[in-house]
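At position 63 of the sequence shown the residue is numbered 63 (this note's numbering), and the sequence of numbers has no breaks.
Encoded as structure tokens, the structure appears first; notes follow it.
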Amino acid sequence: MIDPRHPVYIPGLRNLKTALAVLIILILAKLLDYPAPMYASIAAVTTMQDSIAHSISYGKMRIMATVIGGLISILILYAISHIPVESNAVLLIPIGIILTILLCNIIHFKEASGLATVVFVIIMMQYTGDPYAYALIRTAETIVGIIIAFIINRCVVSPEPSESI
Numbered sequence: 001m002i003d004p005r006h007p008v009y010i011p012g013l014r015n016l017k018t019a020l021a022v023l024i025i026l027i028l029a030k031l032l033d034y035p036a037p038m039y040a041s042i043a044a045v046t047t048m049q050d051s052i053a054h055s056i057s058y059g060k061m062r063i064m065a066t067v068i069g070g071l072i073s074i075l076i077l078y079a080i081s082h083i084p085v086e087s088n089a090v091l092l093i094p095i096g097i098i099l100t101i102l103l104c105n106i107i108h109f110k111e112a113s114g115l116a117t118v119v120f121v122i123i124m125m126q127y128t129g130d131p132y133a134y135a136l137i138r139t140a141e142t143i144v145g146i147i148i149a150f151i152i153n154r155c156v157v158s159p160e161p162s163e164s165i
């Protein structure tokens with residue numbers, strides 16, 4: 001007999017679909033010999049929402065934020081490589097943060113400003129090798145994670161079977 005004071009928790013559909021999306025990302029990464037699909041996995045986890053409509057809305061915002069953060073980081077990385085000032089990154093990273101938030105505000109996408117800024121900071125502080133390639137790969141990897149999450153949310157027992165997209 002189950003004691004109501006100690007409920008048994010079982011994973012819900014969103015929980016299982018999130019795990020499945022990350023599993024698919026990990027399998028694809030292994031097959032493609034891709035070292036660490038962290039950004040795709042994070043994107044899949046955050047994009048998997050309780051409805052298709054919410055997943056689409058969040059996915060669009062996530063893609064825009066990633067593209068904005070990626071573009072501003074490429075701009076700032078270019079400036080860093082062409083300005084002969086010692087510690088120019090210390091000066092230009094805060095300027096990049098300002099530009100990222102400003103661009104989100106200008107294009108009326110304020111809800112993406114926090115995430116776009118996080119993307120910018122991660123790219124600026126974690127890149128190794130070619131910074132432009134890193135920014136592009138990080139952006140593409142995030143988009144792959146969003147797409148996989150959307151496909152899983154749509155195809156595996158859709159929470160809104162009658163909703164058309």
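Cβ coordinates follow ideal geometry from the N, Cα and C atoms, glycine included.
Look up residue i in the DSSP assignment and say whether it is helix, strand or coil.
i: R5; result: coil
i: F120; result: helix
i: Y127; result: coil
i: Y58; result: helix
i: F150; result: helix
i: S41; result: helix
i: S51; result: coil
Taking the beta carbon of residue i as the centre, do at least 16 other beta carbons fall within 10 Å, making it buried, or is it exposed?
i: I151; result: exposed
i: P37; result: buried
i: G129; result: exposed
i: G96; result: buried
Leaving out five residues before and five after residue i in sequence, what residues of the same chain have Cβ atoms less than 6 angstroms from its Cβ?
i: A89; result: I80
i: Y132; result: I74
i: G59; result: T47, I146, F150
i: T66; result: V119, T139, T142
i: Y134; result: Y127
Which residues in the same chain have their Cβ closer than 7 angstroms to the Cβ of residue i, if we skip the five residues on either side of it in sequence?
i: S55; result: T47, M48, Q49, A149, F150, N153
i: L20; result: I152, V156
i: I68; result: T100, L103, C104, A112, A116
i: P11; result: none
Between which residues of its own chain and residue i is the CB-CB distance below 8 angstroms, once the five residues before and five after are set aside?
i: A29; result: P35, A36, P37, A40
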